[in-house]
Structure formats: structure tokens, C-alpha cells
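Residues -16 to -1, 1 to 341 (mature numbering (1 follows the signal peptide of the UniProt record, and there is no 0)) are what the sequence shown spells out, left to right.
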Amino acid sequence: MRLSIVTALLVGSSLAAPHHEKGLSLNTLAQRRGKLWFGTAADIPHTAETTDTAYLDILKKQFGEMTPANALKFLFTEPEQNKFNFSDGDYFMDLARHTGKSVRCHNLVWATQVSDFVTTGNWTAETLIPVMRNHIFKTVKHFGDRCYSWDVVNEAFNSDGSFSSSIWYDTIGEEYVYLAFKFAQQALKEVHANKVKLYYNDYGIESPGPKVDAVLKLVKELRKRHIRIDGVGLEAHFMVGGTPSLADQVATQKAFIKADLDVAMTELDIRFAQEPFYTAEAQRQQAQDYYVSVSSCLLSGRRCVGVVVWDFYDKYSWVPYSFEGQGGATLFNDTLEAKPAYYAVADALMGKPCSVC
Ligand code: XIL
């Protein structure tokens, strides 16, 4: 008991500053290891994040990439049929440009956060395909090469590897995935932005299993049809104590890389199933899980292009809103202090043993 209080005090005092001893950012450390960036999601604009100067300061200093948590989703970019609103996305892009960050554009076709006109419409494949095509063309052409990549299709599979139900799959069948990638590729060509990477993004594909097999099969199918896919996004929404092992994460990333794909960890966060979130032991286990996850991208080699956390401040994390009673998932606690997890990530990026695990 006494020891754990001392440990907690020591850990707490050494962690007050949001950078490690040399003051290098997570992004700088990642780039030194050949990664494109270390990034974060941010839910900007129209949220507290937009004007929180302490938060924005860390965002600017620590990260080299930002992913819009919501601003580019169908619901916001095309709220009514063929009435596009790119003002939120443009705001986000301007912030990224002014602060020198890459953007992973997220996402074009998903079951969730789709506008009512799509989900309530009485569609056939013949009428829904042009809707999907128009959405992809207008959105991709508007943002052009301001995107480093597009998550073209998001979360298309169940855990057993079968296609999951969505307005797109239920109406068009699996063809919707091939068409989505084809349309994105064509749209990029029209604005001479062929360098923008096309990604498939999903959770539950960070360790071997039927879902990984389904994604590899999808990649084969796309290539058979001469449709471009450049990478796979591994969301990596993990649970403290339930994070896939280093060996499993590396094996999976290597399987994708072997299929001539880039991989990125796109939405990393590691949540607690229940309180307490901030005891020394809880923090140590979380640090260990972050250490393993970030290390996997380094061990997989250059084609794991980078790691993105799904926001970095517990106060702004999506977890408590989506999973009742759960939380504490990010690198900074609810008063914006760097947690052991932050230092574990820095250690992983420096190739050092974990000093806080
Ligand atoms: C989440 C956002 O963070 C929330 O603000 C929103 O209410 C729901 O979506 N997988 C994804 C992300 O691909 O788009 C999700 O983002 C988290 C799970």
C-alpha cells in the first residue's frame, strides 16, 4: 500500500510535462524511425476542441497528422441529396495546412453516420449506385490532394468475415465495395490527384482471423478487376489487458504488407472496461498495451506508414459516449496531463525498453 502511494507520487510528478526529457514530439520521434507521421483524430469544428487552446497547443506540437473524427462523414458532407456542405471539412483542412499536418480523409462509404435521405430511401441497386458515385466524386474532387489518403470503405465486414449489413450492401451487394474504390480512383484522376492513397479501414483486423482473411480476399478481388487499393487501416480500438500481442499484431501487419499494401494504425485507443481509470496499476497496464501496439508498427517495417490515435485527451474521447461506463482510453488524462501511456509511446518510438510499464 505504502509502496504504491510512493510509486503513484513519483510517476505523477515525473509526468506533468507533455513531452519527454529531450522535448521531442511523438511525431518527430516517429519520423526519425522512418514513419510518415504520428497522428491524432480531432473532432473539429463545432466542438469544445475547436477553441480549447491548451488542447490545440498539444495537437500542434505533438502530432504530424490529423484525422477528422466527423467532419468528412457522409452525414455532414451531403446532408441532403446532392446538397454538399464542405465548410466543416475545409475548416479542418485549413487548420491542418496552417499547422503543417497531413490529413487522412475519413470516410466515403460506411454503414453509419449516413444521411437520412440514404437510409430512408426506397432504393434499388440501379438508383443507389449513382448516389454513391455522386457522393464519392463530389467529395473526393473537392478535397483533391489535400488528403494524404481516403478511407474509401469503412468497416464492411462482420467478425466472421462475412459482409456486414448496411444500406450499401443490402441494396447493391458486395459490388458496392469494388464500385466505391473504382469511383474514388476515377475522381482522383479527374483532379490530377492520383498520389492520394486509397484505403480500406476496419477494426478487429489487428490480429489473425477470418476478418483479416476477408480483407485480403477483398484486396485480391479489387486487383483482379484492376482497381487500385493502396493500404489497409487497422483501427486498433483496444481494451486495457485485452490488447493483441506484439507477435499477433506484427504477423497481421506483415500479412497485409506481403499483399503489397501499406498499413497504418488509424484509430488507436486503449480503453478501460470500467473505473478506476487512473490508479498506478491501471496506468501501468495501459502503458504496456500502448507500448506493444506502437512497437508493432516499428517492427513491421517501413510499410507500416504511421500511427494515429483516436484523439489524445480523455475528456474528448469518443469512448464514454459509445461504451457506457468505459473510458480513460487516450494518452492524456482528464486534466490534460500526459499519462504513463504517453511515455510508453515515446519509449516505443525511440526503440527503448518501456520505462513506465
Ligand atoms: C466516431 C467518432 O469519434 C464519434 O464522434 C462519432 O459520434 C461516432 O464515430 N470507427 C470509425 C470512426 O471508423 O469513424 C468512429 O468515430 C469510431 C469507430
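A virtual CB, placed ideally from N, CA and C, is assigned to each residue, including glycine.
| query | Rounded C-beta distance between G217 and F261? I'm assuming under 8 Å. | reply | Taking the sequence shown and counting its residues from 1, one reaches residue 217 at position 233. Taking the sequence shown and counting its residues from 1, one reaches residue 261 at position 277. The Cβ separation is near 27 Å, so there is no contact.
| query | From A32, L79 and V93, pick the residue whose C-alpha is nearest to that of S61; which is it? | reply | Residue numbering aside, residue 61 sits at position 77 when the sequence shown is read from its first letter. The identity of residue 61 in the sequence shown is Thr, whereas the question assumes Ser. Taking only the C-alpha atoms, the option nearest T61 is V93.
| query | Any contact of the region 120 to 133 with the region 170 to 187, i.e. 3+ C-beta pairs under 8 Å? | reply | As far as the Cβ criterion goes, the region 120 to 133 touches the region 170 to 187, which means the pair count is three or higher.
| request: Could you tell me whether the Cβ atoms of A171 and I120 are closer together than 8 Å? | output: Residue mapping note: residue 171 aligns to position 187 of the sequence shown, counting from 1. Residue mapping note: residue 120 aligns to position 136 of the sequence shown, counting from 1. Contact: yes.
| message | Among P194, N54, E139 and L43, whose alpha-carbon lies nearest the alpha-carbon of L79? | response | Within the sequence shown, numbered from 1, the residue matching residue 79 stands at position 95. When only C-alpha atoms are compared, the closest one is L43.
| query | So what's N11 in DSSP terms, helix, strand or just coil? | reply | As a first step, residue 11 must be located in the sequence shown, where it is residue number 27. Looking at N11 - three-state DSSP - the assignment turns out to be helix.
| query | Per DSSP, what kind of secondary structure is A322 in: helix, strand or coil? | reply | For the purposes of this step, residue 322 is taken as residue 338 along the sequence shown, with counting starting at 1. If DSSP states are grouped into helix, strand and coil, A322 belongs with the strands.
| query | Can you name the start and end residues of the alpha helix (DSSP H) that V199 belongs to? | reply | Residue mapping note: residue 199 aligns to position 215 of the sequence shown, counting from 1. Residues P194 to K208.
| task | Report yes if the C-beta distance between D186 and E110 is below 8 Å; otherwise report no. | result | Position 202 of the sequence shown, counted from the first residue, corresponds to residue 186. Position 126 of the sequence shown, counted from the first residue, corresponds to residue 110. No. Outside cutoff.
| Three-pair Cβ contact test at 8 Å for the region 327 to 337 versus the region 296 to 310 | no
| task | Look up D144 in the DSSP assignment and say whether it is helix, strand or coil. | result | As a first step, residue 144 must be located in the sequence shown, where it is residue number 160. Three-state result, D144: coil.
| query | For Q46, is the classification buried or exposed, using 16 other Cβ atoms within 10 angstroms of its Cβ as the cut-off for buried? | reply | Residue 46 sits at position 62 when you count from the first residue of the sequence shown. Taking all protein chains shown into account, Q46 has 16 or more neighbouring C-beta atoms within 10 Å of its C-beta and is therefore buried.
| task | Check whether the Cβ of D27 sits closer than 7 Å to any heavy atom of ligand 1, and report yes or no. | result | Residue 27 sits at position 43 when you count from the first residue of the sequence shown. For ligand 1, at least one heavy atom lies less than 7 Å from the Cβ of D27.
| field | Chain-order list of residues whose beta-carbon lies under 7 Å from that of N118 (same chain, five-residue window excluded) | value | The residue labelled residue 118 in the question sits at position 134 within the sequence shown. So the list reads N66, once near-sequence residues are dropped.
| task | Would you give the residue range spanned by the alpha helix (DSSP H) that T51 belongs to? | result | Along the sequence shown, one-based indexing puts residue 51 at 67. For T51, no alpha helix (DSSP H) run applies; the uninterrupted beta strand (DSSP E) run containing it begins and ends at E49 to P52, by DSSP.
| The beta strand (DSSP E) spanning Y297 covers which residue range? | Here residue 297 is taken as the residue at index 313 of the sequence shown, counted from 1. Here Y297 belongs to no beta strand (DSSP E), and DSSP marks it neither H nor E.
| message | Let me check understanding here. Comparing Cα to Cα, which of L282, L315 and R287 lies closest to R268? | response | Looking up residue 268 in the sequence shown gives position 284. Minimum Cα distance to R268 is reached at L315.
| said: Please return the same chain residues whose Cβ sits closer than 6 Å to the Cβ of D27, not counting the five positions on each side in sequence. | reply: The residue you call residue 27 lines up with position 43 of the sequence shown. Here the set comprises E33, A53 and N54.
| query | Shortest alpha-carbon distance to residue 366 belongs to which of G285, L56, T12 and D298? | reply | Any property of residue 366 remains undetermined from this structure, which presents the chain solely from -16 to 341.
| request: Could you tell me the boundaries of the beta strand (DSSP E) in which T93 lies? | output: Here residue 93 corresponds to residue number 109 of the sequence shown, with the count starting at 1. Correcting the residue identity first, residue 93 is Val in this sequence and not Thr. Taken as a continuous stretch (DSSP letters only), the beta strand (DSSP E) holding V93 covers S86 to V93.
| Cβ separation of G335 and G23, assumed to be a contact under 8 Å, to the nearest whole Å | Position 351 of the sequence shown, counted from the start, is the residue given in the question as residue 335. Position 39 of the sequence shown, counted from the start, is the residue given in the question as residue 23. 20 Å between Cβ atoms; not a contact.
| request: Drop a sphere of 10 angstroms on the beta-carbon of residue 382, count the other beta-carbons inside from all chains shown, and report buried for 16 or more, exposed for fewer. | output: Coverage of the chain is limited to positions -16 through 341, which leaves residue 382 absent and any answer about it impossible.
| message | Going by the DSSP bridge assignment, what does L252 pair with across the sheet? | response | Looking up residue 252 in the sequence shown gives position 268. Residue pairing of L252 in beta bridges, as defined by DSSP: V293.
| field | ligand 1 heavy atom lying under 7 Å from the CB of A198 | value | Here residue 198 is taken as the residue at index 214 of the sequence shown, counted from 1. Not under cutoff, so the answer is no.
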